[in-house]
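**Student:** Next up is a structure, given as structure tokens.
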Amino acid sequence: MDEQKLKSVPVLPWMRSPVDVSLFEECPLDILPCIDTRLIVALKNMGMSSLFPVQVAVWQETIGPGAFERDLCINSPTGSGKTLAYALPIVQMLSTRAVKCLRALVVLPTRDLAFQVKAVFDAIAPAVGLSVGLAVGQSSIADEISELIKRPKIEAGICYDPEDIMLELESSVDILVATPGRLIDHINTTKGFTLEHLCYLVVDETDRLLREAYQSWLPTVLQLTRSTDEDVYPYASHFLPSTFNSLRTIRRFGVERGFKGKRFPRLVKMVLSATLTQDPSKLAQLDLHHPLFLTTGKRRYQLPEKLESYKLLRMDEQKLKVLPWMRSPVDVSLFEECPLDILPCIDTRLIVALKNMGMSSLFPVQVAVWQETIGPGAFERDLCINSPTGSGKTLAYALPIVQMLSTRAVKCLRALVVLPTRDLAFQVKAVFDAIAPAVGLSVGLAVGQSSIADEISELIKRPKIEAGICYDPEDIMLELESSVDILVATPGRLIDHINTTKGFTLEHLCYLVVDETDRLLREAYQSWLPTVLQLTRSTDEDVYPYASHFLPSTFNSLRTIRRFGVERGFKGKRFPRLVKMVLSATLTQDPSKLAQLDLHHPLFLTTGKRRYQLPEKLESYKLICESRLKPLYLVALLQNLGGEKCIVFTSSVEATHRLCTLLNFFADLQIKIKEFSGLQRQSIISSQGKGEKVYMIAANKDKNAGNTMKQFREGEIQVLVSSDAMTRGMDVEGVRNVINYDMPPYIKTFIHRAGRTARAGHTGRCFTLLHQDEVRRFKKLLQKADDKTCPVYPIPSNSIESLHPIYASVLEKLKETVELETSRKRKIGFRSSKSRKGNETNHSKE
Ligand SMILES: Nc1ncnc2c1ncn2[C@@H]1O[C@H](COP(=O)(O)OP(=O)(O)OP(=O)(O)O)[C@@H](O)[C@H]1O
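Shown next as structure tokens:
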């Protein structure tokens, strides 16, 4: 890295003078100082004869002269032997311990990595009498508990007091390899599980583990290993006094040099990665003690020494970043709004319906799509539509589909619209509901988190059974029919219906809309697409689970046979074909992703020359401030906006909750503020049990999210704080401002967030709060959307100063609330586990 760049990176002082691992040499096991001979044997059994440089360097700082006096931050290339670098000193140190208890914890981001690391420990730890446990998700927690916790042997004929039995729970393992989620489960619910005696904490793949989603495990672990006799364990009051009476680790505040204000014996931390973060705020979370930085060479990122890199590009790929049909798009910006009364071919009933919605003309993208579907284009090609947020894409596809289906005589499922979230599905269904009934069409909804039975009865028509007539049950089943012409669905529930709903068929599908395409083509959603494509390609092949029961007679009267075409453009393709429309405000150009859609002669419609477009009437502003003052700038900005409808975006669900709580402590801010997140947040309800307070988890939190959105739409709430859960597609009338409290990481995120305002030709403003370090990155990000004009929004300094006096008390209240919520959550864990235990006991009695 050149000098200039190096200076601009804010690096913590202790990172500036690292131990250079590349100056170390391999060391044969037989001459490694202090190593237990049993470990040498174990290592030789693994086929090793010497330690690698990073292992030697860590050995020196732990078992050697360094003597584990400092926490270690290790940045070493992939494959350099980091696992054994920490595993070996830990096992060596624990080899002399007499009492079994959990002394070392290794945290990894995934279960596969956890298995891998456990295998390394398993190869050496048993040699010195240590046992290793595993705590990872996707496996039976009950089995895990029986592996991790030793229960007393109950001898026949002896009468035990159940309390005594509980008191003798002990750890079966000395070392635990865990993923964060399952670790937290054990902390919250497993009786006898304690981190009280922990001496070593390893955070492997540190940068990944410090990312947002994993964060809460770390403060919990640190808090639990700091505690002495405070009641921080859910089971502390029951277990600690007697279970651990014989063995207690009291960490007292030190006074000596290096330990003043820190607890002793201290928890030794080793953090490792091949791409270790240098971000001071992230590293601060680890609460490191006199950290020592070990890195290889001068470069921040190092590739393995003997790695040769090649670029694999096919000849055509080198030239073809964009598919040929994407290079000559139809430019939507050349189209003009078209009054409904002069729109060619439109059904007059649809004009009435649209006017009832308050529309008098079609927007440019709607006119362009109309021309390619109902107009001269006549749906001959599949359409790929890239058009800014709020430009009216929903109606652009809904209107031609409804117009086309308006002449159909027989009811069956002909159009399927797939969206990534249920909120969007509701929104799109509302648009279809406003126009489809006008021409006798019905619209169905298939989304998760709702009763599938209710949905089935909405989607599938069952024959009326008349009293007094005797029916053959087989015949009744054969008459199942679709109740809807158009279905709006999310991928998961769609697949449920395909697999299990009798009478549900895609045989007759004519139109498939993939809205928010780039999101729907992402990994997690992928399997729905091949399934739908396969089912709409099939003719009489038995691809439906119930095909053999239903197709022959249910659809005898109505069958869609797709034959292979031979004409120009259809050679090798089935006809009648499934017409596809794919849309997004940030449409992918990745050929491999687009290939999944199996498009037929696709036509690309896009607005202007730029790939990413912001709404025409959007104004962007930035606010630059110190990180710690961000809340004050936000409050001052909200005051400035004076109760206009506004969405504040944060980077995570957790941050959303905190920020919303904090804002609500500013009593003078007379604005109604609520949080909204697409995820089900668990709320805690307290109620009075038998003489004690009982905390329960509100099961139906999503209903709350629904209510919040309703209140926001109706204007009862002025400010909604949200994570990115709602960025895509949500259309709420009257949102005048969007505030990025946390800088959006990608241009796509910026576009979808900002796109919640300035919709349908209205004006809107987008504010982004930045700290100085982010300004350059943000500028670069905006360049991708050609938004060069992003002036600084002036906030008068006196409005910030006036907030200072109450800021400290607001932060204090926030801290108390967060602590209260954390302890309530623990109590819930305690309760739920206790009641589970009760159930188990009842069960065994039965
Ligand atoms: N022809 C029209 N006349 C007036 N308003 C319209 C018209 N077409 C759409 N709208 C309104 O414009 C708003 C945005 O439409 P829509 O939600 O379809 O945008 P979008 O392009 O899908 O945006 P996003 O990319 O954010 O999903 C909606 O409130 C809709 O009612």
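All residue numbers for the sequence shown refer to UniProt numbering, where the first residue is 1 and numbers rise by one.
For every residue, glycine included, the Cβ atom is placed at its ideal position computed from N, Cα and C.
So, are the CB atoms of L416 and L506 less than 8 Å apart?
**Tutor:** Closer than 8 Å, so yes.
**Student:** Could you please give the first and the last residue of the uninterrupted alpha helix (DSSP H) stretch that includes C660?
**Tutor:** Element bounds for C660: 653-664.
**Student:** What number of angstroms, rounded off, separates the C-alpha of G81 from the C-alpha of R522?
**Tutor:** Rounded to the nearest angstrom, the two C-alpha atoms are 34 Å apart.
**Student:** Evaluate Y397 with the Cβ neighbour count: other Cβ atoms within 10 Å of its Cβ, from every protein chain shown; 16 or more gives buried, anything less gives exposed.
**Tutor:** Classification for Y397: buried.
**Student:** Pop quiz: residue 863 and C660 are said to be a contact at Cβ under 8 Å. What is the actual Cβ separation, rounded to whole angstroms?
**Tutor:** It is not possible to answer for residue 863, since the shown part of the chain is limited to 1 through 846.
**Student:** Just checking F649 against ligand 1 - is the residue's beta carbon closer than 7 Å to any of the ligand's heavy atoms?
**Tutor:** False, no ligand heavy atom lies under 7 Å from that Cβ.
**Student:** Return the residue from the list R182, V418, H497 that minimises the CA-CA distance to D454.
**Tutor:** Here the closest residue by C-alpha is H497.
**Student:** Once the 5 residues before and after P665 are set aside, which same chain residues still bring their CB inside 6 Å of it?
**Tutor:** Looking at the sequence provided, one finds Phe at residue 665 rather than Pro. Hits under 6 Å: V810, K813.
**Student:** What does the alpha-carbon distance come out to for the pair T650 and R97?
**Tutor:** Roughly 47 Å between the two C-alpha positions.
**Student:** So for P339, helix, strand or coil by DSSP?
**Tutor:** Note: P339 maps to strand in three-state DSSP.
**Student:** Answer with buried or exposed for C199, where buried requires no fewer than 16 other C-beta atoms within 10 angstroms of its C-beta.
**Tutor:** Looking at its Cβ environment, which holds 16 or more other Cβ atoms inside 10 Å, C199 is buried.
**Student:** Report the partner residues of A446 according to the DSSP bridge assignment.
**Tutor:** According to DSSP, A446 bridges with A489.
**Student:** By how many angstroms is the C-alpha of T536 removed from the C-alpha of K429?
**Tutor:** For K429 and T536, the distance between alpha carbons rounds to 22 Å.
**Student:** For ligand 1, is there any heavy atom lying closer than 7 Å to the beta carbon of D731?
**Tutor:** Because some heavy atom of ligand 1 lies under 7 Å away, the Cβ of D731 counts as near it: yes.
**Student:** Taking 7 Å as the cut-off, is the beta-carbon of L770 closer than that to any non-hydrogen atom of ligand 1?
**Tutor:** No.
**Student:** Would you list the residues sitting across from N45 in a DSSP beta bridge?
**Tutor:** DSSP output for N45 lists no bridge partner at all.
**Student:** Sort out for me which residues DSSP pairs T536 with in a bridge.
**Tutor:** Beta-bridge pairing links T536 to no other residue.
**Student:** By how many angstroms is the C-alpha of V447 removed from the C-alpha of N740?
**Tutor:** If you take the alpha carbons of N740 and V447, they lie about 29 Å apart.
**Student:** Does R765 pass the burial test, meaning 16 or more other C-beta atoms within 10 Å, or should it be called exposed?
**Tutor:** Buried, by the Cβ-count rule.
**Student:** Look up T83 in the DSSP assignment and say whether it is helix, strand or coil.
**Tutor:** In the structure shown, T83 sits in a helix (DSSP, three-state: H, G or I).
**Student:** Tell me whether M359, by its Cβ, gets closer than 7 Å to a heavy atom of ligand 1.
**Tutor:** Because some heavy atom of ligand 1 lies under 7 Å away, the Cβ of M359 counts as near it: yes.
**Student:** Could you tell me if T389 is buried or exposed, where buried requires 16 or more neighbouring beta carbons within 10 angstroms of its beta carbon?
**Tutor:** Burial call: buried.
**Student:** DSSP three-state label for I806, please.
**Tutor:** I806 falls in the helix class under three-state DSSP.
**Student:** Measure the Cβ-Cβ separation of L39 and Q116 and say whether it is below 8 Å.
**Tutor:** Cβ distance not < 8 Å, so L39 and Q116 don't count as in contact.
**Student:** Considering only heavy atoms of ligand 1, does any lie closer than 7 Å to the CB of S216?
**Tutor:** No, ligand 1 has no heavy atom inside 7 Å of this Cβ.
**Student:** State the start and end residues of the unbroken alpha helix (DSSP H) segment that holds F372.
**Tutor:** A small correction: the amino acid at residue 372 is Glu; Phe does not occupy that position in the sequence shown. First-last of the alpha helix (DSSP H) with E372: 364-373.
**Student:** Please list, in chain order, all residues of the same chain as S49 whose beta carbon is under 7 Å from its beta carbon, the five residues on each side excluded.
**Tutor:** Hits under 7 Å: P28, L29.
**Student:** What's the C-alpha gap between T225 and A104?
**Tutor:** Answer to the nearest angstrom: the Cα atoms are 11 Å apart.
**Student:** DSSP three-state call for M357: helix, strand or coil?
**Tutor:** In the structure shown, M357 sits in coil (DSSP, three-state: anything other than H, G, I, E or B).
**Student:** So, with DSSP's three-state summary, where would you put A178?
**Tutor:** Strand.
**Student:** Mapping the DSSP letters down to three states, classify M743 as helix, strand or coil.
**Tutor:** M743 falls in the coil class under three-state DSSP.
**Student:** Name the two residues that bound the continuous beta strand (DSSP E) containing E415.
**Tutor:** One detail in the question is off: residue 415 reads as Ala in this sequence, not Glu. Element bounds for A415: 415-418.
**Student:** Are the beta-carbon atoms of residue 911 and R182 separated by less than 8 Å?
**Tutor:** In the structure displayed, the chain extends from 1 to 846; residue 911 sits before or after that span and is not available.
**Student:** Is the Cβ-Cβ distance between N386 and S592 less than 8 Å?
**Tutor:** No.
**Student:** Would you mind sorting T763 into buried or exposed? The rule is 16 or more other CB atoms within 10 Å of its CB.
**Tutor:** The residue in question, T763, is exposed, as its Cβ has fewer than 16 Cβ neighbours within 10 Å.
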